[in-house]
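Engineer: Here it is: the structure, laid out below.
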C-alpha cells in the first residue's frame, strides 16, 4: 500500500509475462531487452539520446517520421535527412547514409500517409552499414512486420494501434550494441537521461522491473493480448492482415470514387490504408452513423483523404461491411 | 482508429474534466498549468531540467528525497543538500538556502520514513526566498496537504497513492515563473526535453491536449475520482485523514509492541504511518491472512518497521480492524 522501490516491485511477474509473450510473438532473441516507457514518443527521445552522440539519419515521408527527426534536432544532433513527397516511399538503394551518422532511423509505417517501408529495405541497411545502429519505428504496424533482429538493432511501438489497448505505454526493444553506445556516451559525460536512460531501463529489466512505477495495468493487458495473439499465431495474424489489406486496396483500385493515395503497391501500408476521396468528412460521417469509425486524412489532407486502420482486431467481416458502405 | 496528432486529440474533454476537478479539489488558481506525464519520477527529471540551470537545493531524509536529489546530479546540476537522519524532519528555520540555488526541492511526505514537512514550513521558503522556485513532491500525500499556491511554484504527485488509481500517470502543477525559467534556459541553448519540456506540455495544455498520446484511461479515472472527492469535499477528506492518523498514532504510542518511528509529532506523516516493531514480516503476514495489506519497512528497515497507508480510500472501520489485529 505504500510506495515501492523499483527493487521491491510486486509487478515483476506481470512484466515477465508480457515480455515473454512479446518475445514469442515477435521472435525477439533472448539477449534483446524489452523495455517499457510512457509512450512511443518518449522512445524517440530516449533512443536518440542514448544511441547518437552527434548525428542521426532520418527517412522522412510524413508527419511522424518528420517529428522523430525534429527530436534529433531538439536534442542538439546533426541530422542527415532523406525526404520523400507525401504518399511516396524511398528507393533505399539510392540513399547513401553519411559516414558520420551513428543511427539510421526508419519508419516502417508512416501513419500520416499510409506509406510503408518494405521489410527487405529495412534489412538492407544493416548489410550495407554494419557498424551503424538501425532503429525502426513500428508504432502503427506491430506485430505485422516480421523483422529479422540480426538486421535491426532497436525497434519500438505503442499499444493503442495494432494491439488495440488503451494508450499510455511504449514498448522498446534494444540490443547490446545500443546499450554499449549509451554507456560510451555516458562515460564521455554526455547526458543520456535519468530513470529512463537505456542503461537504467536495461538494468531493471534483468529483474523484470522498471526504474519508476510504470503503467502496470497497460503491461498486464499487453501480456494478455500478446498471449491471445500467440494462441492464434502471428503467421495467421499476418496472413489475415494481408488478406484484408488486399480486399481494401482492390476496392480502392476499382472504385470510381476512391483511389489509393500510395501509388506504388510495394510501398502501401498493410495496416493503415489511405485513400483519396472527394468530400472525405461526409464519408466519415456516413460511416459513423453505421457504427464504423475511420480516420480523417492527416493535417492538410483532412478534406481529401480517409485513413482506414487495418489492425488485427478488425475482422474481414468489418472490412466487407465498410466497403459495402463506401 | 489511426494515430492522432496532438492537435487532433479526441481526448481533450477527458483532460479538461480531470484538470477542472483537480483545480477545484486542490484549489489551484486558473493561471497554473495542470500537466500529465508518465510518472511522478518523470516529473523529477523534467522539473529539474526545466527549472534549474546550474543548482538546486534538496532536503533529504529518506530514499525518495535522496533519489530526487540524485536526478539533479545526473542532470549535471550542482546540489545543495540538507540531510536529516532517517525518521527525522528539518528545522527549516536553520537551513539557509544558497544564494546561487535556483530551485528549492521539498518532499512533503517522505514515503520511506513516514516523515512529513509541515505545510507551514513549506510555505516559509517563498517568504524567505521569493526569487527562487519552490517545488513540492506530494507524491504520497496529495490531496491531503493544503498548499497555498501563492507560496509554491510547482508541485507534483502520482495517482496510485492518495487517489487509489492504477499506476502510470504523473500530475505536474506549474506556474508561469517555472515556464519563464524553462524558456530562458532554452533560449540559452540548454536542453530542456523534447515532447515533455515544460513549454511543450504547457502549450498543449492550453487546448487540454498532451504532446504525445497519454495514459487516457488514467486521466479519465483521475477525473472521476477527483469529482467524487469534490462531492465529499476536500475539507472532509482532510479531517477524516487526520482523524484516522490520530487513532493510528495513539495506538502506536500506547502499545507495548509498537512505537511510532517518527518521534516529533509535528513531523509525523498523516498519510504514511511508520511504526517500529519486532519481527515486522510476521506481523505483515498475519494481517495478510485477514485480507489487510500493509507495507514493509523501507530498505534496511524491512525487518524492524511496518508502513501503514492512510489514504482517503481507507476507512476508519478498516483502521480499527487493523489495530484490533495488531
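Residue numbers (the numbering used here), protein chains in the order written: chain A, 1 to 326; chain B, 327 to 652.
Don't be surprised by glycine CBs; every beta carbon is placed ideally from N, CA and C.
Note that this is a predicted model, so its numbers are computed, not measured.
So, do the segment 516-531 of chain B and the segment 385-393 of chain B have three or more beta carbon pairs nearer to each other than 8 Å?
Structural biologist: These segments do not touch.
Engineer: Output, in chain order, the set of chain A residues within a Cβ distance shorter than 9 Å of residue 652 of chain B.
Structural biologist: As a first step, residue 652 of chain B must be located in the second chain, where it is residue number 326. Neighbours of residue 652 of chain B on chain A: none; closest Cβ ~15 Å, over 9 Å.
Engineer: Please work out which residues of its chain come closer than 7 Å, Cβ to Cβ, to residue 161 of chain A, disregarding the five sequence neighbours upstream and downstream, and give them in chain order.
Structural biologist: Here residue 161 of chain A refers to the residue found at position 161 of the first chain. Within the same chain, residue 161 of chain A has close Cβ partners 139, 140, 311.
Engineer: Along the chain, which unbroken stretches of the beta strand (DSSP E) at least 3 residues long are found entirely within the segment 380-412 of chain B?
Structural biologist: If we require 3 residues or more, the beta strand (DSSP E) runs fully inside the segment 380-412 of chain B come out as 381-386, 404-409.
Engineer: Do the segment 208-223 of chain A and the segment 274-289 of chain A meet, that is, are 3 or more Cβ pairs less than 8 Å apart?
Structural biologist: No: fewer than three Cβ pairs fall under 8 Å.
Engineer: Which residue or residues does DSSP assign as beta-bridge partners of residue 136 of chain A?
Structural biologist: Translated into positions along the first chain, residue 136 of chain A becomes position 136. DSSP lists A:106, A:155 as partners of residue 136 of chain A.
Engineer: Verify the CB distance criterion: does residue 118 of chain A have a CB-CB separation below 8 Å to chain B?
Structural biologist: Your numbering for residue 118 of chain A matches position 118 in the first chain. By this cut-off, residue 118 of chain A is not an interface position.
Engineer: Have a look at residue 319 of chain A and residue 229 of chain A and give me their C-alpha separation to the nearest angstrom.
Structural biologist: Translated into the one-based positions of the first chain, residue 319 of chain A becomes position 319. Translated into the one-based positions of the first chain, residue 229 of chain A becomes position 229. Computed Cα separation, rounded: 20 Å.
Engineer: Note down, in chain order, all residues in the segment 174-203 of chain A with a beta-carbon under 7 Å from any beta-carbon belonging to chain B.
Structural biologist: From the segment 174-203 of chain A, only 191, 194, 195 have a Cβ closer than 7 Å to chain B.
Engineer: Run through chain A and tell me which residues come within less than 7 Å of residue 542 of chain B, C-beta to C-beta.
Structural biologist: Within the second chain, numbered from 1, the residue matching residue 542 of chain B stands at position 216. The answer, in chain order, is 166, 167, 168.
Engineer: Would you say residue 567 of chain B faces chain A, with C-beta separation under 8 Å as the test?
Structural biologist: What you label residue 567 of chain B is simply residue 241 of the second chain in a count that begins at 1. Cβ-Cβ to chain A under 8 Å: no for residue 567 of chain B.
Engineer: Buried or exposed for residue 143 of chain A, please, with buried defined as at least 16 other CB atoms from any protein chain shown within 10 angstroms of its CB.
Structural biologist: In the first chain, the residue the question calls residue 143 of chain A occupies position 143. Result: buried.
Engineer: CA-CA distance, residue 227 of chain A and residue 270 of chain A?
Structural biologist: Residue 227 of chain A sits at position 227 when you count from the first residue of the first chain. Residue 270 of chain A sits at position 270 when you count from the first residue of the first chain. Between residue 227 of chain A and residue 270 of chain A, the C-alpha separation is close to 22 Å.
Engineer: Given a limit of 9 Å on CB to CB distance, which residues of the segment 473-489 of chain B reach chain A?
Structural biologist: So the list reads 484, 486, 487, given in the order they occur along the chain.
Engineer: In or out: residue 294 of chain B buried (at least 16 other Cβ within 10 Å) or exposed?
Structural biologist: What is shown of chain B runs 327 to 652, which leaves residue 294 of chain B out entirely.
Engineer: Which class does residue 536 of chain B belong to by DSSP, given the choice of helix, strand or coil?
Structural biologist: The residue given as residue 536 of chain B occupies position 210 in the second chain. Three-state result, residue 536 of chain B: coil.
Engineer: Tell me whether residue 37 of chain A sits in a helix, a strand or coil according to DSSP, three-state version.
Structural biologist: Residue mapping note: residue 37 of chain A aligns to position 37 of the first chain, counting from 1. Strand.
Engineer: Identify which residue in A:54, A:50, A:234, A:250 has its Cα closest to the Cα of residue 180 of chain A.
Structural biologist: In the first chain, counting from the first residue as 1, residue 180 of chain A sits at position 180. The shortest C-alpha separation from residue 180 of chain A is found at A:50.
Engineer: Pull up the distance between the alpha-carbon of residue 184 of chain A and that of residue 397 of chain B, whole angstroms please.
Structural biologist: The sequence position of residue 184 of chain A within the first chain is 184, counting from 1. The sequence position of residue 397 of chain B within the second chain is 71, counting from 1. About 20 Å.
Engineer: Quick check: residue 493 of chain B and residue 214 of chain A, are their CB atoms within less than 8 Å of each other?
Structural biologist: If you number the second chain from 1, residue 493 of chain B lands on position 167. If you number the first chain from 1, residue 214 of chain A lands on position 214. Their beta carbons are under 8 Å apart, which means residue 493 of chain B touches residue 214 of chain A by this criterion.
Engineer: Closest by CA to residue 135 of chain A, which one among A:57, A:15, A:274, A:20?
Structural biologist: Stepping through the first chain from its first residue, residue 135 of chain A is reached at position 135. The shortest Cα separation from residue 135 of chain A among A:57, A:15, A:274, A:20 belongs to A:57.
Engineer: For residue 436 of chain B, which residues from the same chain have a beta carbon less than 7 Å from its beta carbon, with the 5 sequence-adjacent residues on both sides left out?
Structural biologist: Taking the first residue of the second chain as position 1, residue 436 of chain B is located at position 110. So the qualifying residues of the chain are 387, 388, 390, 391.
Engineer: If you follow the beta strand (DSSP E) that residue 603 of chain B is part of, which residue opens it and which one closes it?
Structural biologist: Start at 1 with the first residue of the second chain, and residue 603 of chain B comes out as number 277. From DSSP, the beta strand (DSSP E) with residue 603 of chain B extends over 598-603.
Engineer: Quick check on residue 15 of chain A - is its C-beta less than 8 Å from some C-beta in chain B?
Structural biologist: On the first chain, residue 15 of chain A is found 15 positions in, with the first residue counted as 1. No - not a single Cβ of chain B is within 8 Å of the one on residue 15 of chain A.
Engineer: Indicate whether residue 14 of chain A and residue 225 of chain A have their beta-carbon atoms separated by less than 8 Å.
Structural biologist: In the first chain, the residue the question calls residue 14 of chain A occupies position 14. In the first chain, the residue the question calls residue 225 of chain A occupies position 225. No, the pair does not count as a contact, with Cβ atoms beyond the cut-off.
Engineer: With a 10 Å radius around its C-beta and 16 neighbouring C-beta atoms as the bar for buried, classify residue 501 of chain B as buried or exposed.
Structural biologist: Within the second chain, numbered from 1, the residue matching residue 501 of chain B stands at position 175. Residue 501 of chain B should be labelled buried.
Engineer: Let me confirm a value: residue 332 of chain B is counted as buried when at least 16 other C-beta atoms fall within 10 Å, else exposed. Which label applies?
Structural biologist: On the second chain, residue 332 of chain B is found 6 positions in, with the first residue counted as 1. Here the model assigns residue 332 of chain B a pLDDT of 37, short of 50, so the residue's position is not dependable, and the following value carries that caveat. When all chains shown are included, residue 332 of chain B counts as buried.
Engineer: Considering Cα atoms alone, identify which of B:358, B:634, B:635, B:370 is closest to residue 529 of chain B.
Structural biologist: The count along the second chain starts at 1 and reaches residue 529 of chain B at position 203. Ranking B:358, B:634, B:635, B:370 by Cα distance to residue 529 of chain B puts B:358 first.
Engineer: Between residue 595 of chain B and chain A, is the shortest Cβ-Cβ distance under 8 Å, so that the two count as touching?
Structural biologist: Here the question's residue 595 of chain B lines up with position 269 in the second chain. It does not: the Cβ of residue 595 of chain B has no partner Cβ on chain A nearer than 8 Å.
Engineer: Between residue 35 of chain A and the rest of its own chain, which residues show a CB-CB distance below 6 Å, the 5 nearest in sequence each way excluded?
Structural biologist: Mapped onto the first chain, residue 35 of chain A falls at position 35. For residue 35 of chain A, where only same-chain residues beyond five positions count, the Cβ hits under 6 Å are 172, 201, 205.
Engineer: Residues of the segment 68-85 of chain A with a CB closer than 7 Å to any CB of chain B: list them in chain order, please.
Structural biologist: Those residues of the segment 68-85 of chain A that come within reach of chain B (Cβ to Cβ, closer than 7 Å) are 71, 74, 75, 76.
Engineer: Check the C-beta distance from residue 137 of chain A over to residue 108 of chain A and give it rounded, since I have them as a contact under 8 Å.
Structural biologist: The residue given as residue 137 of chain A occupies position 137 in the first chain. The residue given as residue 108 of chain A occupies position 108 in the first chain. The Cβ separation is near 6 Å, so the contact holds.
Engineer: Just to make sure I have the definition right: I need the residues of chain A whose C-beta is within less than 8 Å of the C-beta of residue 368 of chain B. Which are they?
Structural biologist: Start at 1 with the first residue of the second chain, and residue 368 of chain B comes out as number 42. Here the neighbours are 38, 195, 196, 212.
Engineer: Residue 646 of chain B touches chain A at which residues, Cβ-Cβ below 7 Å?
Structural biologist: For the purposes of this step, residue 646 of chain B is taken as residue 320 along the second chain, with counting starting at 1. Chain A residues near residue 646 of chain B: none, gap ~17 Å exceeds 7 Å.
Engineer: In chain B, which residues lie with their C-beta within 9 Å of the C-beta of residue 45 of chain A?
Structural biologist: Residue numbering aside, residue 45 of chain A sits at position 45 when the first chain is read from its first letter. Result: 519, 520, 521, 522.
Engineer: Using alpha carbons as the reference points, say which of B:379, B:649, B:625, B:355 lies closest to residue 513 of chain B.
Structural biologist: Counting from 1 along the second chain, the entry for residue 513 of chain B is found at position 187. Minimum Cα distance to residue 513 of chain B is reached at B:379.
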